[in-house]
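This report concerns only the one structure given below.
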Amino acid sequence: MTRRALLVSTSNPYPVVKDGCQRLVWDYVDAMFPRHEVLFLHVAREDWAPLTLFRAGVAAAQEVDVERVLAEDFEFVVFIGFKDRDFTRRLAGERPSFCYTDRFPHPDVPRDAFRGILSHRTDGPAENVLIVGGHFDERVFFRDRKPEEHVLAVGRIHPDKHQLELVVRYRETVYERFGLPLVLAGGVADPVYHRAVVPFVDGVSVISTIPCPAEAPANAGWQSAHELARLYNRARLYVSASRQESFSLSMVEAMACGTTCVVNGNYWGFAESELAPRVYGNVTGTHGCVLDLVAQALADDARIDASGWVQQYALSGMRDTVGRFIDERV
């Protein structure tokens, strides 16, 4: 008899992965629990009402209530985030339940609802809490360096990612000096912000993975894991203009590919002493402009290969750790 597990999240990776949280959901469904068939329940971001139940990436039911979900007879449920609602409380109470959250305690995560918490960080020792970072799939993201053709920024086009800080002066600051174009890999998450970025995407100094940037169809530009791995391995630098990240999946993927990472923000999901030597830039807050750091890194010929250090976040090791934690509590 097939053992089943259920994953619940507001981040839906179907039909394409569009951000780091969706990548995490994808990996949890696809590979985190190899002894189980993992079903995915997509819930509404506003109130966590059930929307669609997926089996093997295909919608199995779109009119979903607690009874319909419980009929799948899963062994345990993992919530990626949580909102305390009647539906989520009942679902959590009917099966052994676990919650993945960026920090714990968390105002949205009740202590009494779960057998275990997976968290990036906690304020202190806590029973039934497993400290986990994010992860990357080492079957896809590994060092396979090719001729270095570009500087790479990966992420949704959105104000949180601050792509404008990269593109406005990129031609004169980096391209004309070093001959390396900037590749923006990702699709549109904020159309208004995207319209501000588009005038700087000239196809020469700044390139977008969106085939027609000015039109930007909803699912255009997003790259598969294998496509991203090829881009990382051809990148002279990976750069992030984001001001704050708990765990930057794209940065970790870039590290796994041996790409030097330029950052300028608060990466609070990592210990400063651990992360700072493995990147070029600032990891506890923004100082100056990240574009100037890119130019300085190229002028210094900075090369930082963190592909060995980052193996601690490989999916296979994380899978063993998470699997033991859940098995002990189911």
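Taking the numbering used here as reference, the numbering of the sequence shown is continuous, increasing by one, and the terminal residue is 367. C-beta: ideal position from N, C-alpha, C; glycine also. Owing to the predicted nature of the structure, the values given are computational and were not obtained by experimental measurement.
Each residue's CA atom was taken as its position, placing residue 366 and residue 334 some 47 angstroms apart. When the Cα atoms are used, residue 135 and residue 88 turn out to be separated by approximately 20 angstroms. Counting of Cβ neighbours within 10 angstroms places residue 114 among the buried residues, the total reaching 16 or more.
In the three-state scheme derived from DSSP, where H, G and I count as helix and E and B as strand, residue 263 is classed as helix. If the five residues before and after residue 346 are omitted, its C-beta is found closer than 7 angstroms to the C-beta atoms of 315, all from its own chain and listed in chain order.
Between the region 272–281 and the region 176–188 there are three or more inter-stretch CB-CB distances shorter than 8 angstroms, so the stretches are counted as touching. Taken in chain order, the whole alpha helix (DSSP H) runs of length 4 or more contained in the region 175–222 are 200–204. Note on geometry: alpha-carbon atoms of residue 157 and residue 167 lie some 8 angstroms from one another.
Considering only 342, 174, 321, the residue with the shortest C-alpha distance to residue 266 is 174.
Beta-carbon to beta-carbon, residue 172 and residue 308 are separated by about 17 angstroms, too far to satisfy the 8 angstroms threshold. If you look at residue 362, you'll find it in the alpha helix (DSSP H) that goes 352–364. When only Cα atoms are considered, residue 293 and residue 182 end up about 11 angstroms apart. In this structure, the alpha-carbon of residue 287 lies about 31 angstroms from that of residue 148. Per the coordinates, the alpha-carbon of residue 91 lies some 12 angstroms from the alpha-carbon of residue 67. By the neighbour-count definition (other C-beta atoms within 10 Å, threshold 16), residue 253 is a buried residue. Looking at the DSSP output, residue 92 bridges to 76, 95. Between residue 47 and residue 81 the beta-carbon gap is near 7 angstroms, inside 8 angstroms, which marks them as a contact. Taking residue 44 as reference, the option from 112, 84, 340 with the minimal CA-CA separation is 112. Assignment of residue 134 by DSSP, reduced to helix, strand and coil, places it in the strand class. In the DSSP annotation of this structure, the continuous segment of the alpha helix (DSSP H) that includes residue 58 starts and ends at 57–64.
In the same chain as residue 299, and ignoring 5 residues on each side of it, the C-beta atoms closer than 6 angstroms to its own belong to 274, 276, 317, 318, 330, 331, 334, in chain order. DSSP, reduced to helix, strand and coil, places residue 113 within a strand of the structure shown.
A buried status is given to residue 231, since no fewer than 16 other beta-carbon atoms sit within 10 Å of its beta-carbon.
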